[in-house]
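Per full-length UniProt numbering, the very first residue in the sequence shown carries number 1; after that it's consecutive. Where is the CB? At the ideal position from N, CA and C, for every residue including glycine. For clarity, every value in this text was computed on a predicted model and none was experimentally measured. Heads up, the thing below is written out as structure tokens.
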Amino acid sequence: MDAVLHALADESRRTVLEILRDHPTIAGELAEALPIARPGVSRHLRVLREAGLVDVRQDAQRRIYTLRPQPLVEVDEWLGPYRRLWENRLDALHAEIARGKKARR
Numbered sequence: 001m002d003a004v005l006h007a008l009a010d011e012s013r014r015t016v017l018e019i020l021r022d023h024p025t026i027a028g029e030l031a032e033a034l035p036i037a038r039p040g041v042s043r044h045l046r047v048l049r050e051a052g053l054v055d056v057r058q059d060a061q062r063r064i065y066t067l068r069p070q071p072l073v074e075v076d077e078w079l080g081p082y083r084r085l086w087e088n089r090l091d092a093l094h095a096e097i098a099r100g101k102k103a104r105r
């Protein structure tokens, strides 16, 4: 999971994942979407591949990248207890606000 979190830490790599969330994409289209040189895009794609977040397949001269959501599911499961903690706190805040509104009436 460390490799996934490291990969997600970079804005350009998150942008790539957002593009791939919608559809598989060739490397050239990904490069056009990022404000960096193609060698930088290649390095970002390598980090994403090594983290297991993307798959790549060769189609003639093109490389087609596809999102692999499983590592994100693992991160989501890890975040679950933290999410529940905040949901409980937000529920308590909502109840307190509602109680305050009733008291003002």
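- Runs of the alpha helix (DSSP H) lying entirely within the UniProt domain "HTH arsR-type" (1 to 87) and spanning at least 4 residues, in chain order: 2 to 8, 11 to 22, 27 to 33, 38 to 50.
- With a cutoff of 9 Å on beta-carbon distance, Ile36 and Tyr65 are scored as not near each other.
- In the assembly as shown, Pro71 is a buried residue. Its beta-carbon has 16 or more other beta-carbons within 10 Å.
- Distance from the Cα of Asp55 is smallest, within the candidate group Asp2, Leu17, Arg105, for Leu17.
- Between Val47 and Ala31, the C-beta gap is not smaller than 9 Å, which leaves the two residues out of contact.
- Short of 6 Å from the beta carbon of Ala3, and not among the five residues preceding or following it, lie these beta carbons of its own chain, in chain order: Ala51.
- Within 10 angstroms of the beta-carbon of Ala7 lie 16 or more other beta-carbons, which makes it buried.
- Taking the Cα positions, Glu74 is about 29 Å away from Pro39.
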